[in-house]
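*Asks:*
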Amino acid sequence: MAKRRSRKLLEADRFQARVISLLCVAHADWNEWEQDWLLDEARRPDDYIYSEKERVILNRLIACATTFTHYSEWSVREMLDVAYPYRKDLDEDDETFLEQLDDWRATDLKVRQINRLASLCRLTEFLPRDEIVAEVTRDTRKQDLSEPGGNELRI
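To convert, note that position 141 of the sequence shown is 157 in the numbering used here; the numbers rise steadily by one, no gaps.
In structure tokens:
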């Protein structure tokens, strides 16, 4: 007879599956700490029960991995077409970022990437703020459980 897993262990299984899916995100822009955290969480034993603080961090990373094809009605390609010609006028990091997006032939970006591209576009063109992107950006900055939506696991 198969042994049933407890509710907490089933939640832990979903948590770990979500962590692993984030590690597989194409063109993710994880910083070193985020990458290390995801790897550490993915290596937890099967019977590990994740803490509320770990759930908050996972929710923030889920928000960071949100993908957008448009920002304020501009497609990623349209934004790149605006910013790319000025890449040599920017600092080396921004130049490399734009060249990387062009090499990828990017049509969708993660929330931090699209915000960065939008800020580069604003150097030469008027581009209104995108409220949907802004909401997801706020989710990436949630620090604790006291903020709305901070305590549920988004799967």
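Ideal Cβ placement from N, Cα and C applies to all residues, glycine included. This structure is a prediction, so every number in the text was calculated from the model and none was measured.
(1) Would you give the residue range spanned by the alpha helix (DSSP H) that residue 49 belongs to?
(2) Excluding the 5 residues flanking residue 149 on each side, which residues of the same chain have their C-beta closer than 7 Å to its C-beta?
(3) Classify residue 90 as buried or exposed, calling it buried when 16 or more other Cβ atoms lie within 10 Å of its own Cβ.
(4) Where does residue 96 sit, in a helix, a strand or coil, going by DSSP?
(5) Can you give the Cα-Cα distance for residue 121 and residue 92, rounded to whole angstroms?
(6) Pull up the distance between the alpha-carbon of residue 70 and that of residue 109, whole angstroms please.
(7) Apart from the five residues on each side of it in sequence, which residues of its chain come closer than 7 Å, Cβ to Cβ, to residue 25?
(8) To the nearest angstrom, report how far apart residue 142 and residue 99 are at their CA atoms.
(9) Cutting at 6 Å between CB atoms, please list the residues of its own chain near residue 156, excluding the five before and the five after it.
(10) Mind checking who residue 43 pairs with in its DSSP beta bridge?
(11) Please classify residue 87: does DSSP put it in a helix, a strand, or coil?
*Replies:* Checking against the coordinates, here is how it stands:
(1) 48-58
(2) 84, 87, 127, 130, 131
(3) buried
(4) helix
(5) 10 Å
(6) 31 Å
(7) 63
(8) 12 Å
(9) 76, 79, 80
(10) BP columns for residue 43 are empty, so no partner.
(11) strand
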